[in-house]
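Asks: The structure follows.
The structure is reproduced here in C-alpha cells:
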C-alpha cells in the first residue's frame, strides 16, 4: 500500500501543473486537499487494522 501511495504521490506532483491549468487554482487546491484527506484516512485505517484496535501504553 505504501508503494502505491508513493507512486500516486509522484504522479500527482508531476501532473500538478496540468490539474491547476485545467481546474483553476481554487479547484486545484481542493483536489490536493482531497488527496491529502484520502491519504490521511488510509493511514489511520491501516494503523487501526495493524494494531487490532488495542494500543498499549509506553
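In mature numbering (1 follows the signal peptide of the UniProt record, and there is no 0), the protein residues as written are -21 to -1, 1 to 37. Idealized CB from N, CA, C, for every residue including glycine. These numbers were taken from a predicted model, which means no experiment stands behind them.
1) Which residues in the same chain as residue 2 place their Cβ atom closer than 7 Å to its Cβ, once the five residues preceding and following it in sequence are excluded?
2) Does the Cβ-Cβ distance between residue 7 and residue -8 come in under 9 Å?
3) Could you tell me how far apart the beta carbons of residue 14 and residue -10 are, in whole angstroms, since I believe they sit closer than 8 Å?
4) Where does residue 15 fall in DSSP's three states?
5) Taking the alpha carbon of residue -15 as the point to measure from, which residue in 29, 31, 18, 35 has its own alpha carbon closest?
Replies: Judging by the given coordinates:
1) As a first step, residue 2 is located in the chain shown; it is residue number 23 there, counting from the start. Counting only residues of its own chain and dropping the five nearest sequence neighbours on each side, residue 2 has a CB closer than 7 Å to the CB of 10.
2) Here residue 7 refers to the residue found at position 28 of the chain shown. Here residue -8 refers to the residue found at position 14 of the chain shown. Between residue 7 and residue -8, the C-beta spacing is not below 9 Å.
3) Within the chain shown, numbered from 1, the residue matching residue 14 stands at position 35. Within the chain shown, numbered from 1, the residue matching residue -10 stands at position 12. Sure, about 6 Å apart at Cβ, within 8 Å.
4) Reading the chain shown from its first residue, position 36 is the one you call residue 15. When DSSP states are grouped into helix, strand and coil, residue 15 belongs to the helix group.
5) Here residue -15 corresponds to residue number 7 of the chain shown, with the count starting at 1. Measuring from the Cα of residue -15, the nearest candidate turns out to be 18.
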